[in-house]
Each structure stands twice: as C-alpha cells, then as structure tokens.
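To keep things clear, I will list the structure first and then write my remarks on it.
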Amino acid sequence: MSRIENVKRVAIVGGGASGLVALKALLEQGAFDELVLFERREDVGGVWFFDPKVASEEARRYAQDASTQYPVVLEDGGAPKYPSPAYEGMIGNIAHELISISGRPFDKPLSTGPVQEGEREESDLFPSLDSTIAYLRAFADAYGLHNHIRLNTEVVSTRFVDGKWKVVTKNLLNGEETSSTYDAVVYAAGLWDRRHLPAIAGIDTLPKERLLHARFYRSPSIFAGKRILVLGNGNSANDIAAHAAPVALEPVYRSIRHPSYYSYVPDARIHDVKPVRQFSLDPASGKVIAELGDETVIRDIDLVVAATGYRYDVPSLRVPSGDDSAQDEPVTPPDGHRMLGLYRHLLHARFPTLAFIGYSIAWSPFANSEAQASVVARAWAGRIDVPAVKEMIKDEEDSVKEVGDHNLFHVLALYKKREYGYGNELRDWALQGGTEGTVGVHWDERRIWLLQNVVRLKTLQLQRERGLIT
Ligand SMILES: Cc1cc2nc3c(=O)[nH]c(=O)nc-3n(C[C@H](O)[C@H](O)[C@H](O)COP(=O)(O)OP(=O)(O)OC[C@H]3O[C@@H](n4cnc5c(N)ncnc54)[C@H](O)[C@@H]3O)c2cc1C
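First residue of the sequence shown? That's 4 in my numbering, and the numbers climb one at a time after it.
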C-alpha cells in the first residue's frame, strides 16, 4: 500500500453526472489549490442535457452525410456543438431512488410544466429527460460547482510530461488553445462517442439513408410508413422498436441474439427475428434485403436501425507505454472493447494520478460514479492508501481472467461481487479516510432489492402506459 502525495492541482474532463460528483467530492476534501472541470458543451448534464436544435441539426446533417462527425455547427453559426445521444420522450430506465446521488433525494417527478399532447407523462418511479437534467443542474448549483466549471471548453490532449499531466484545452467559442499542468486528472468524459456497428456482411455497403445508428435517433416521425428493422434488444433497441410500432409499417422487425435483459413489453406489431447474416440492396427498389441466420429473407426494409452500442475511446488521452519504447499509448485497444490497465475500473494502475469515473457499467450510474469519486478524492488528498502499482496491475489481470477480455468487461453485473458489492467496497475504502465529504450511498437490503427488481418495475410501468394493466 502507498499514499499519493502532493496532489494540488486537479483537472476533470467532462461535466456530466460523473464529472459533477467528482468535482463535489474533490472540493469537499479542501486539500487542493486548484480544481477545474472542462466541459465541451454549453451546459452541464452530459447525456441528460438534450438540446433539440442541436439534435435536429445533427440528424439533418447525418441524413446528408452519414460520415458526419461531431461537433456540428448550427446554421446561424456560433460555437461547434456536441449533441447528446438522448432522444425525444426518453424516460429513464432507472428508478428515482436508484439514480439519486447521496443526500439529494430524487424521489418524485421534478418537471413542472404541463404535459404536451403526445408527450409521455413521467411516472412516479422513473424520471424523464427534463427532470433528470433539472436534477443535475440543481446539484451543480447547490454545491457551487460552477465556480470551477469551464463550459464550451474541450480537452484536446492530455499527456504525462515530467511527472505531471499536461492538458491542452480548446475554447470552442474563440478557438483558442491553452496548455496547463496538473498533478492529477479525472476522466469523466462518457462512453457515447464511438458508435459500434456489428460485423455483419454487407452492412458497410448500406447507403446512409438506409442505416441509422441509435446515436442519431431523435424522434419516431422518421419511421412513418416505413419498414423498419432494429438490430439489438438492449434498452435503446427496445425503446426504438416501441416508438416505431405505432407509425411504421407492420411488423417492425427486431433482430436479436438472445432474450432481452431489459424491460420490454411484447407487442404484436414487433416481430423478433434471428440475427442478420448478410445485408444487401435490392437493385430494383433500392431497399435493404436482410438474410437471417435461419435462412429467412426480409426484402423490403426501408431503414435498418443499429442499436448496437458503443466502444470505449478516449481520443484526447495518451499515457507512456508500459514497455521501454518511450512511446505514448492510448488507454483503449484499437477495437475499443474495454479500457486498458484500470484498477477496479477506476485508477490507472501504472499512473494512479489518473482516474476514470463513470466507465464501469452500472444500473445506478450516478451513485456508482459518486462512490468512485469519494475514493479518488481521498486518495489524492492523501487520506487513504492505494495498493502498490504491481498489485493494481495484477488485480486488473485477475479481473480479466474472472470476467473475460471482451466488451462486457466493465459491466459490474458480471462480477461476483456485483454492483452493490463494488459500491460498498469503494465506500468502505473511502471511509478509511474519514467521514468528511461524500462516501457514496450504502447498498442496504432495500436498495439491492430495487436494483434486482428495476427491470421488472419498468416493465410494469410500460404495461401500465399501454393500458395492459392498471
Ligand atoms: C441513450 C441513452 C440512454 C440512457 N438512459 C439511461 C437511463 O435511463 N438511466 C440511467 O441511469 N442512465 C442512462 N444512461 C446512461 C448515462 O450515460 C448515465 O446516466 C450518465 O449520464 C453518465 O454520466 P457521465 O458523466 O459518466 O457521462 P456523460 O453523461 O456522457 O457526460 C460526459 C460529458 O463529458 C463531456 N466530454 C467528453 N469529452 C470531452 C472532452 N474531450 N472535453 C470536455 N468535455 C468532454 C461530454 O460533452 C459530456 O457532457 C443512458 C445513456 C444513453 C446514451
């Protein structure tokens, strides 16, 4: 075990839920001379800050050029904008109680305005996009976080130089670049920039108007009168198929590999089919032909929606390589299937003044990030020990053996100790440094029950919305 000493200047990359809880936890330690959070967007909230103007501009540009990369610039000019991957009418899948940050109850709908025609009403259990962003903004205000937040500022490069982190930022309003040096850096930049498309033969040949990644899905109007095939049955896939069903041609196809682990209400208008083996285009109609694993062929698809997830990517960051090459290397492998070299999904094992918050996949992401932040804040304040580098490297290698070296490596549900064991372990670790400041939520019986039943509760909620139960 060892202590990390002399951390005085800390930078945080990203102002979503993870960056905000990190900033609060670090502030509470009162141990740092400078704390600054860089957020490339014009507001905090990450995924939950959904700007419809930016989203529709992105969708419009995407329709014109599928290779469009972020950011987008609006027609009336201004700073480049990074759109959120959220979509209209998104209702959270995580109950208020589970999504809450400790000491900040979120147990009832926060949105105040009347529900517009066609909008889904927020339930007692699950928060809407509006109320979640309201919750996160209120969190930032309540703890005076804005004094430390630089909005419209993108971190373009982070490198380890002479024992410190050199961070280059770009002011997106005027294009100016600034370089500063920090003793420690938190990456809380989210997971939603690198879209994943499955390796299905022919998928690369589909024209842009025939293939949409869920990242660009904004509203069901694009499905009207069309034949839709959705790839996947995760949260977004299930939501998108349900949005398409009332307006698209029947049936909406959902190509799946296994039963869904997420909330889903069977719908006669949605047909589950086998995985797609091959895509091609019908030369006469220009529509997509999907050959399925069971030899079935669907010939008249207008739009394939790939709700097939994301890959890890932290393009602004390089760390010195672990060999003698004196080269810098990325913290993700070329295919982005996981983060490399992280101790407990959190500290860089070889460089423990580099932390990653929000990169493990949790059902209770805000609380998970808070527990991670409480450890990082105390470790960098010199209040708790961290394992020796060798031990952390070995621990990561053992985790790879336990779970496997694949794209689900950071899914906490796959570990023996599960998300609640992980959360409580981090909390106990943080508590070794005293109760000053957040220590994250305690996973008690009730909270574990809620976690284990959240899919069932959401399913009941969806059934209620459809009038299938009262
Ligand atoms: C479509 C969708 C639906 C979801 N639904 C739910 C749900 O129902 N319930 C739930 O609990 N969770 C849900 N999630 C998960 C969600 O990601 C977490 O709730 C939470 O928002 C993660 O917060 P974060 O801060 O880790 O990441 P994000 O919210 O992604 O925030 C990261 C921030 O970092 C900024 N950033 C990135 N790179 C840089 C850079 N180089 N410089 C400066 N800033 C940068 C980004 O602009 C962003 O603001 C959903 C995610 C998606 C994509």
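Note that CB positions come from ideal geometry on N, CA and C, so glycine has one too.
Exercise for review: Would you identify the three-state DSSP class for residue 464, choosing helix, strand or coil?
Suggested key: Secondary structure of residue 464 (DSSP, three-state): helix.
Point to revise | Three-state secondary structure (DSSP) of residue 1 | key: Residue 1 lies beyond the residue range present for the chain, which begins at 4 and ends at 473; the question has no answer from this structure.
**Study point:** Inside the stretch 211-276 only - beta strand (DSSP E) runs reaching at least 3 residues
**Key:** Qualifying beta strand (DSSP E) stretches, in chain order: 214-216, 231-234, 255-258 and 273-276.
Exercise for review: List the endpoints of the continuous beta strand (DSSP E) containing residue 437.
Suggested key: Taken as a continuous stretch (DSSP letters only), residue 437 belongs to no beta strand (DSSP E), as it is neither H nor E.
**Study point:** Contact belief for residue 209 with residue 291 at Cβ below 8 Å, rounded distance in angstroms
**Key:** With a Cβ gap of about 6 Å, residue 209 and residue 291 count as contacting.
Exercise for review: Give the single residue among 314, 368 and 44 whose Cα lies nearest to the Cα of residue 135.
Suggested key: For the residues 314, 368 and 44, the minimum Cα distance to residue 135 belongs to 368.
Check your understanding: From what residue to what residue does the alpha helix (DSSP H) around residue 157 run?
Key -> Per DSSP, residue 157 is not a residue of any alpha helix (DSSP H); the beta strand (DSSP E) it occupies stretches across 156-164.
Practice item. Answer yes if the stretch 169-177 comes into contact with the stretch 145-158, meaning at least three C-beta pairs across the two stretches below 8 Å, and no otherwise. Key: A contact between stretches requires three or more CB pairs, one per stretch, nearer than 8 Å, and the stretch 145-158 meets this requirement with the stretch 169-177.
**Study point:** Buried versus exposed call for residue 366 [16 or more other C-beta atoms within 10 Å across all chains shown]
**Key:** So residue 366 counts as buried.
Review point. To the nearest angstrom, how far is it from the Cα of residue 276 to the Cα of residue 235?
Key: Going from the Cα of residue 276 to the Cα of residue 235 covers about 10 Å.
Review point. Could you give the residue range of the alpha helix (DSSP H) that holds residue 83?
Key: Unbroken run through residue 83 is the beta strand (DSSP E), 80-84; no alpha helix (DSSP H).
Exercise for review: Return the bridge partner residues of residue 1 from the DSSP annotation.
Suggested key: Because the chain here runs from 4 to 473, residue 1 falls outside it and cannot be looked at.
Check your understanding: Candidates 359, 49, 466 and 165: which alpha carbon is nearest residue 196's?
Key -> Checked all of 359, 49, 466 and 165; the closest Cα to residue 196 is 49.
Review point. Which one of 329, 344 and 314 has the shortest CA to CA distance from residue 337?
Key: A check of alpha carbon separations from residue 337 across 329, 344 and 314 identifies 314 as the nearest.
Review point. Under the rule that 16 or more other beta-carbon atoms within 10 Å means buried, what is residue 480, buried or exposed?
Key: Examination of residue 480 is not possible in this model, given that the chain is present from 4 through 473 alone.
Practice item. Using the DSSP secondary-structure output, state which residues sit across from residue 14 in a beta bridge. Key: Per DSSP, 39 and 188.
Exercise for review: Indicate, with yes or no, if ligand 1 has a heavy atom lying under 8 Å from the CB of residue 189.
Suggested key: Every heavy atom of ligand 1 is 8 Å or more from the Cβ of residue 189, so no.
Check your understanding: Taking 8 Å as the cut-off, does the CB of residue 89 come closer than this to any heavy atom belonging to ligand 1?
Key -> Checking the Cβ of residue 89 against ligand 1 gives yes.
**Study point:** Neighbourhood of residue 36 by C-beta distance below 7 Å, restricted to the same chain and skipping five residues each side
**Key:** Counting only Cβ-Cβ distances below 7 Å, and skipping sequence neighbours, we find 11 and 12.
Check your understanding: Does the beta-carbon of residue 261 have 16 or more other beta-carbons within 10 angstroms, so that it is buried, or is it exposed?
Key -> Residue 261 comes out exposed.
Exercise for review: Give the single residue among 103, 178, 257 and 295 whose Cα lies nearest to the Cα of residue 454.
Suggested key: Put simply, of 103, 178, 257 and 295 the residue whose alpha carbon is nearest the alpha carbon of residue 454 is 103.
Check your understanding: When the Cβ atoms of the stretch 300-307 are set against those of the stretch 322-337, are three or more pairs found closer than 8 Å?
Key -> Per the Cβ contact rule, the stretch 300-307 is not in contact with the stretch 322-337 (fewer than 3 Cβ pairs under 8 Å).
Review point. From residue 422 to residue 80, what does the alpha carbon distance come to, in whole angstroms?
Key: Straight through space, the alpha carbons of residue 80 and residue 422 are spaced by roughly 44 Å.
Practice item. Pick out whichever of 378, 244, 151 and 180 has its Cα sitting closest to the Cα of residue 230. Key: Sorting 378, 244, 151 and 180 by C-alpha distance to the C-alpha of residue 230 places 244 at the top.
Exercise for review: Leaving out five residues on either side along the sequence, give the residues of the same chain with a beta carbon under 6 Å from the beta carbon of residue 248.
Suggested key: Contacts found: 255, 270, 272 and 273.
Point to revise | Three-state secondary structure (DSSP) of residue 330 | key: In this structure, residue 330 counts as coil in the three-state DSSP scheme.
Check your understanding: Would DSSP call residue 60 helix, strand or coil?
Key -> In the displayed model, residue 60 falls within a helix according to three-state DSSP.
Practice item. Measure the alpha-carbon distance for residue 137 versus residue 144 and round it to whole angstroms. Key: One C-alpha to the other measures close to 11 Å.
Practice item. Would you kindly report the start and end of the unbroken alpha helix (DSSP H) that includes residue 3? Key: With the chain represented from 4 up to 473, any question about residue 3 goes unanswered, as that position is not in the structure.
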